[in-house]
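Chemist: Here the protein sequences come in this chain order: A and B.
Numbered by this note's numbering, the letters in the first sequence go through residues 2 to 294 in order.
Numbered by this note's numbering, the letters in the second sequence go through residues 2 to 294 in order.
There are 2 protein chains.
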Amino acid sequence: MAQIIDGKGIAGSIQKEIAEDVNFLSNNCGKVPGLAVVIVGERKDSQTYVRMKRKACAEVGIKSIDIDLPGDSSEETVLQTVLDLNTNPQVHGILVQLPLPLHINEEKILASISIEKDVDGFHPLNIGKLAMKGREPLFVPCTPKGCIELLRRSGISISGKKAVVVGRSNIVGLPVALLLVKLDATVSIVHTRTPDPKSIICEADIIIAAAGQANMIKGNWIKPGAAVIDVGTNVVDDPSRKLGYRLVGDVAFEEAKEVAGWISPVPGGVGPMTIAMLLRNTVDSARRASEQT
Amino acid sequence: MAQIIDGKGIAGSIQKEIAEDVNFLSNNCGKVPGLAVVIVGERKDSQTYVRMKRKACAEVGIKSIDIDLPGDSSEETVLQTVLDLNTNPQVHGILVQLPLPLHINEEKILASISIEKDVDGFHPLNIGKLAMKGREPLFVPCTPKGCIELLRRSGISISGKKAVVVGRSNIVGLPVALLLVKLDATVSIVHTRTPDPKSIICEADIIIAAAGQANMIKGNWIKPGAAVIDVGTNVVDDPSRKLGYRLVGDVAFEEAKEVAGWISPVPGGVGPMTIAMLLRNTVDSARRASEQT
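Next comes the structure, spelled out in structure tokens:
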């Protein structure tokens, strides 16, 4: 039986560490870390994510700068908002909740975020430095960073291990693969165009599942004793639930936990870590700013 | 018996295409593509590489701007040279031959090259865009681009294939792995910290060997029919040669050619392609400049 990786618990410990850092920065350096969370429009799911992020800021003492723009805001308005935040010394991180309304060019808005405040770590310059040996990005993207932290805090060694990343998105699959290469894992990247993913996944010591396909990875795809980090957050119908649906990962959890050595559940695995890493990046940014002044 | 991939021949055809493009740009747009090749000091190997690059420029009609600085030049002098080339409208590509003398900070010099003239494609912003889905770098690094071009012009399909990249350098291994992922291969990255490289290499349809270890990959490491691109350029003693040494690849060629479907030799495989791609990048840069004016 696999050891269940308690993402919620680990994220909780990290948030306590962050709260101490925030306390130190606020009291000893007069620098209260600030995170601007920008939402455009009224998508219910985006509102939920934004609310969670703002609440997490409050819990650790990060000042959340809340900017709620109407869904019909012009691109110019959103751009100007970001540019103002770039020069605001109280703001150390800027997060623009995606997706933006269709009439707004996402790439343009994201590219306008100052590299020093890009706490999501999605700027191509950050990704380039993440990829390159001997270079370090200012910010590591939150979900990939959370996956690595889950492995580390569960005592799972990475160097010399075979790791498989399922999925190659800019947000998770690709950057987590780059991180694993830097950490000396032998990395394979499996994706929608891989003819026989099972044959590669079943040889891995570490599986990072970020395919966005409910229950894609079965129990018999997993090498006995492997560590499985499930990034998937898929909605499946479930009439027995009040809301009529539930969230499941990319891994068939009930089967997988009989085979794996470690497994992170969905929900309660990677999800809470993503938010914890966002807070971490914001505090690191505030510390850098305090060191520069 | 493997089909030998004639890199020299393929590079020759590409140079002809490039010469036509140069001719068109020069005669129809009044834009003669210019490549600045900067060398600092008198290392024999660097001088050889620089001479080859300048000769190749001359062959296709690219204007080579030759800058030879003494080995005791200050960092400030080299930096100012690059900054002058950045603003020189006759220069569309800047190549600083590495390694630089030890008293000069390479990263600083490379970072000073204008992103629009970074024909080597090593700027982290270029690497980031190379990595990211939906983004395109201004320049793809020359050797990785040459590897892909060798596969393409040999009629070897990449999408859906298992590819293994041996080595994870910033210059070859890492960017070629990123290119292969973008081209829909299932990619594994094997390196010095991989305990059993053979077990992974022997399953690959495409092998890119960029480890820098003479004859590391044996014939029985190769899946019958696989395509093998050998990037290695290793010096081994050979008393039978006039110079007392010869160049060999990372692949044990004589054994490998009995098993592989295609194989690129060393020398005469990837080497000529690297220079051809440098010329290609320079001409593409000149075309972009002519479109902007």
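Idealized CB from N, CA, C, for every residue including glycine.
If I follow the unbroken alpha helix (DSSP H) through A:Asn24, where does it start and stop?
Modeler: Per DSSP, A:Asn24 belongs to the alpha helix (DSSP H) from 8-29.
Chemist: What residues of chain A sit near B:Ala171, judged by a beta carbon separation below 9 angstroms?
Modeler: Strictly speaking, residue 171 of chain B in this sequence is Asn, with Ala absent from that position. Residues of chain A passing the Cβ test: Ala132, Met133, Lys134, Gly135, Arg136.
Chemist: Since B:Val182 meets chain A, which of its residues come closer than 7 angstroms, beta carbon to beta carbon?
Modeler: Going along chain A in sequence order, the residues near B:Val182 (Cβ under 7 angstroms) are Arg169, Ile190.
Chemist: Check the DSSP bridge columns for B:Val222 and list the partner residues they point to.
Modeler: Looking at the sequence itself, residue 222 of chain B is Trp, so the reference to Val does not match. Paired residue(s): none; B:Trp222 is not in a bridge.
Chemist: Check whether the Cβ of A:Leu126 lies closer than 8 angstroms to any Cβ atom in chain B.
Modeler: Yes, because at least one Cβ of chain B sits closer than 8 angstroms to the Cβ of A:Leu126.
Chemist: Which residues mark the beginning and the end of the alpha helix (DSSP H) in which B:Leu86 is found?
Modeler: Run containing B:Leu86: 76-88, per the alpha helix (DSSP H) assignment.
Chemist: Less than 8 angstroms between the beta carbons of B:Lys54 and B:Gly35, yes or no?
Modeler: Their beta carbons are not under 8 angstroms apart, which means B:Lys54 does not touch B:Gly35 by this criterion.
Chemist: Among the candidates A:Gly129, A:Val252, A:Ile110, A:Lys56, whose CA atom is the shortest distance from the CA of A:Val213?
Modeler: In the sequence as displayed, the identity of residue 213 of chain A is Gly instead of Val. Of the listed residues, the one whose Cα sits closest to A:Gly213 is A:Val252.
Chemist: Does the Cβ-Cβ distance between B:Ile208 and B:Val267 come in under 8 angstroms?
Modeler: Cβ distance not < 8 angstroms, so B:Ile208 and B:Val267 don't count as in contact.
Chemist: To the nearest angstrom, how far is the alpha carbon of A:Gly24 from that of A:Pro71?
Modeler: In the sequence as displayed, the identity of residue 24 of chain A is Asn instead of Gly. If I take the Cα positions, the gap works out to 34 angstroms.
Chemist: How would you list, in chain order, the residues of chain B whose beta-carbon sits under 9 angstroms from the beta-carbon of A:Leu175?
Modeler: The contacting residues are Ala132, Met133, Lys134, Leu179, Val182.
Chemist: Assuming A:Leu26 contacts A:Val284 under a Cβ cut-off of 8 angstroms, what Cβ separation, rounded to an integer in Å, is found between them?
Modeler: Right, their Cβ atoms sit about 7 angstroms apart.
Chemist: May I have a chain-ordered list of the alpha helix (DSSP H) segments no shorter than 4 residues that lie completely inside the segment 100-182 of chain B?
Modeler: Those alpha helix (DSSP H) runs which fall completely within the segment 100-182 of chain B and span 4+ residues are 107-113, 125-132, 143-154.
Chemist: Taking DSSP's pairing of strands, which residues face B:Asn282 in a bridge?
Modeler: Bridge partners of B:Asn282: none, in fact.
Chemist: Would DSSP call B:Ala277 helix, strand or coil?
Modeler: B:Ala277: helix per DSSP, three-state reduction.
Chemist: Could you check where the beta strand (DSSP E) with A:Arg247 kicks off and where it finishes?
Modeler: 246-249 is the extent of the beta strand (DSSP E) around A:Arg247.
Chemist: Against A:Ile201, what residues of chain B qualify as contacts under a CB-to-CB distance less than 9 angstroms, listed in chain order?
Modeler: Here the neighbours are Lys163, Thr187, Ser189, Glu204.
Chemist: Between the Cα of A:Arg281 and those of A:Phe140, A:Val229, A:Ile172, spot the shortest distance and give me the residue it belongs to.
Modeler: Here the closest residue by C-alpha is A:Phe140.
Chemist: Does the Cβ-Cβ distance between B:Val38 and B:Leu84 come in under 8 angstroms?
Modeler: For B:Val38 and B:Leu84, no; Cβs fall outside 8 angstroms.
Chemist: Counting Cβ pairs closer than 8 angstroms, one from the segment 258-277 of chain A and one from the segment 136-151 of chain A, do we hit at least three?
Modeler: They touch, by the three-pair rule.
Chemist: Indicate the three-state DSSP secondary structure (helix, strand or coil) for A:Ser265 in the structure shown.
Modeler: It is coil, neither helix nor strand.
Chemist: Hey, B:Pro100 and B:Gly122 are a contact pair by Cβ (cut 8 angstroms); roughly how many whole angstroms apart?
Modeler: Going by Cβ atoms, the distance from B:Pro100 to B:Gly122 rounds to 18 angstroms, so no, they are not a contact pair.
Chemist: Could you tell me the boundaries of the beta strand (DSSP E) in which B:Asp67 lies?
Modeler: Counting along the chain, the beta strand (DSSP E) containing B:Asp67 begins and ends at 64-70.
Chemist: Run the CB neighbour count on A:Gly10, radius 10 Å, all protein chains shown included, and call it buried at 16 or more, exposed below.
Modeler: Looking at its Cβ environment, which holds fewer than 16 other Cβ atoms inside 10 Å, A:Gly10 is exposed.
Chemist: Does DSSP put A:Val51 in a helix, in a strand, or in coil?
Modeler: Looking at A:Val51 - three-state DSSP - the assignment turns out to be helix.
Chemist: Check the Cβ of B:Pro145 against every Cβ in chain A and list those closer than 8 angstroms, keeping chain order.
Modeler: Near B:Pro145 there are no residues of chain A at all, since even the closest Cβ is about 12 angstroms away, more than 8 angstroms.
Chemist: Since A:Leu131 and A:Leu179 should fall inside the 8 angstroms C-beta cutoff, what is the C-beta to C-beta distance between them, to a whole number of angstroms?
Modeler: Their Cβ separation, rounded to whole angstroms, is 5 angstroms, which keeps A:Leu131 and A:Leu179 in contact under 8 angstroms.
Chemist: Taking the alpha-carbon positions, what's the A:Val271 to A:His104 distance?
Modeler: A:Val271 and A:His104: Cα-Cα distance of roughly 31 angstroms.
Chemist: So A:Val61 and A:Gln16 are supposed to be a Cβ contact under 8 angstroms. How far apart are they, rounded?
Modeler: Indeed, because the Cβ distance is near 5 angstroms, the residues count as touching under 8 angstroms.
Chemist: At the level of alpha carbons, what is the spacing between B:Gln98 and B:Val51?
Modeler: Looking at the two C-alpha atoms, the distance is approximately 7 angstroms.
Chemist: Any beta carbon of chain A sitting closer than 8 angstroms to that of B:Ser27?
Modeler: Chain A, which has no Cβ nearer than 8 angstroms to the Cβ of B:Ser27, makes this no.
Chemist: Just to make sure I have the definition right: I need the residues of chain B whose C-beta is within less than 9 angstroms of the C-beta of A:Ser160. Which are they?
Modeler: Those within 9 angstroms of A:Ser160 in chain B are Arg194.
Chemist: Just to confirm the assignment, what range does the beta strand (DSSP E) spanning A:Ala37 have?
Modeler: Per DSSP, A:Ala37 belongs to the beta strand (DSSP E) from 35-41.
Chemist: If you draw a straight line from the alpha carbon of B:Pro196 to that of B:Met217, how long is it in whole angstroms?
Modeler: The alpha-carbon atoms of B:Pro196 and B:Met217 are separated by roughly 14 angstroms.
Chemist: How far does the alpha helix (DSSP H) with B:Ala257 in it extend, from its first residue to its last?
Modeler: From DSSP, the alpha helix (DSSP H) with B:Ala257 extends over 254-257.
Chemist: Out of A:Leu126, A:Val260, A:Leu248, state which residue places its alpha-carbon closest to the alpha-carbon of A:Val236.
Modeler: With distances taken between Cα atoms, A:Val236 lies closest to A:Leu248.
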